[in-house]
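A.B. asks: Under the working numbering, read the sequence shown as residues 2 to 76, first letter to last.
Note that CB positions come from ideal geometry on N, CA and C, so glycine has one too.
As the structure is a computational prediction, the values presented were derived from the model and not from experiment.
So that we are looking at the same thing, I have put the structure below in structure tokens.
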Amino acid sequence: MRLKIIEVNFTTKYEWLFKLKDHNDEIYYVMDESFYKKYKIKTPITRQHLDSLEKGQSINAIAREIDNKNIVVQM
């Protein structure tokens, strides 16, 4: 699915790095590495993603529901 980055967070204020939305305004998250480790999921974020993604960009992603949140599990 195609998701648009609407917020970026590189602080410890939230456990997510990127907040995204789809064409129906459904919200999705790319979480920090510790979240993915907790659920034994390989993090979809690479150093290249961290260096190149910013608010307003769109990405292709696969997500699933974890803890009642739509979480990106593959990019």
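Rank VAL9, ASN10, GLN49 and PHE11 by C-alpha distance to the C-alpha of MET76 and give the top, closest one.
C.D. replies: Ranking VAL9, ASN10, GLN49 and PHE11 by Cα distance to MET76 puts GLN49 first.
A.B. asks: Please report the straight-line C-alpha distance between ILE46 and TYR15, rounded to a whole angstrom.
C.D. replies: Going from the Cα of ILE46 to the Cα of TYR15 covers about 16 Å.
A.B. asks: Looking at the structure shown, is TYR40 part of a helix, part of a strand, or coil, going by DSSP?
C.D. replies: Coil.
A.B. asks: Quick one: measure Cβ to Cβ for LEU54 and ILE6, integer angstroms, because I've assumed they're closer than 8 Å.
C.D. replies: With 8 Å as the limit, LEU54 and ILE6 qualify as a contact, their Cβ atoms being about 6 Å apart.
A.B. asks: Can you check which of these residues, ASN61, GLY57, ALA62 and TYR40, is closest to ASP68 by C-alpha distance?
C.D. replies: Of ASN61, GLY57, ALA62 and TYR40, the residue nearest in Cα terms is TYR40.
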